[in-house]
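In the working numbering, the protein residues as written are 22 to 101.
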């Protein structure tokens, strides 16, 4: 996850990014867990949080907050 030739800056391959964003979109608890894990690894290494992880955390939090409201609205519409 770190490219020593680039001064130790974090790098994520396309598969990791796709997995993270897919997890955030399809199942936000898994995406949130992955983003928090990556953020913790970057902090331990003394690096700032990458943009990918920041976006994943933001999307996960928005989905986590909005999911209960969406479910309540859907339930009420289905109930009549």
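From the three backbone atoms N, C-alpha and C, an ideal C-beta is built for every residue, glycine too.
Residues near residue i in its chain [Cβ-Cβ closer than 8 Å; skip 5 each side]
i	result
residue 49	80, 81, 84, 85 and 88
residue 95	none
Presumed contact (8 Å Cβ cut-off) between residue i and residue j, rounded CB distance
i	j	result
residue 41	residue 60	That belief does not hold up - the Cβ atoms of residue 41 and residue 60 are roughly 11 Å apart, past 8 Å.
residue 74	residue 63	7 Å
Cβ neighbours of residue i in the same chain (closer than 6 Å, five flanking residues each side left out)
i	result
residue 53	81
residue 38	73
Nearest to residue i (by Cα), restricted to the options the options
i	options	result
residue 76	57, 100, 101 and 98	57
Distance, residue j Cα to residue i Cα
i	j	result
residue 66	residue 99	49 Å
residue 93	residue 70	34 Å
residue 91	residue 101	16 Å
residue 97	residue 47	23 Å
Runs of alpha helix (DSSP H) lying entirely within the stretch 45-87, each at least 4 residues, in chain order: Entirely contained in the stretch 45-87, the alpha helix (DSSP H) runs reaching 4 residues are, in chain order, 49-65.
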